[in-house]
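Reviewing the structure listed below.
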Amino acid sequence: MVHAHMTAWFLALILFFVAIGLQKSGKEKGFKVLKMVLRVFYILIIGTGLGLIFSLANISFMYIVKVLVGIWVIAMVEIILSRKTKGASTKVPWILFIIALVLVLYLGFSLPLGTYLFK
Ligand code: HEM
């Protein structure tokens, strides 16, 4: 489940940057398709994340924080893409995206399941 979760968010991040690249180069159709594909990835990320939560015997506070920050990253991705569609400024959501991403990676790798990079 940890690997499915890792694969899901890693691919979603790549698709997010590809989507931005497509929009920048004026490929609106590809951009639109990727936005829809990304929504499927949100479900996969949340589904595998919840699967990990339900595999635990007891859920500590940091796990609740991990879930909320994970959802925060997804929300920022969605907001950045929708603002890009409208041609609005994406500065604030980008800053929030970077903060949330650093936090979620730290939390994911410091919590006990799977890879244990930070203690
Ligand atoms: C784009 C958003 C997300 C990113 C980048 C992300 C990243 C990560 C990373 C790096 C890990 C550690 C994997 C490992 O230890 O090998 C992890 C684990 C986990 N994630 Fe996420 N995650 C995201 C969203 C979510 C969401 C939405 C949920 C819940 C619905 C969630 C729940 C979990 C849980 C429960 C774990 C296990 C924690 C542990 O290592 O003990 N994640 N995630």
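The numbering of the sequence shown is the numbering used here, which starts it at 8 and goes up by one. Cβ atoms here follow ideal geometry from the backbone N, Cα and C, with glycine treated the same way.
- Linking valine 80 to serine 62 through their CA atoms gives a straight-line distance of about 23 angstroms.
- Across the set Gln30, Gly77, Phe17, the C-alpha of Gln30 shows the shortest separation from the C-alpha of arginine 90.
- Using a C-beta cut-off of 8 angstroms, the region 66 to 80 makes contact with the region 99 to 112, since at least three inter-stretch Cβ pairs fall below that distance.
- Setting aside the 5 residues that flank it on each side, proline 100 is surrounded in the same chain by Met83, Ile86, Ile87, Arg90, each with a C-beta closer than 7 angstroms to its C-beta; the list follows chain order.
- For serine 67 and proline 119, the gap between their C-alpha atoms comes out near 11 angstroms.
- Assigned with DSSP and collapsed to three states, glycine 121 falls in coil, not helix or strand.
- With a beta-carbon spacing of about 5 angstroms, isoleucine 52 and tryptophan 16 fall inside the 8 angstroms limit used to define contacts.
- The nearest non-hydrogen atom of the ligand HEM is less than 7 angstroms from the C-beta of alanine 19.
- Membership of isoleucine 81 in the alpha helix (DSSP H) is indicated by the continuous run 68 to 93.
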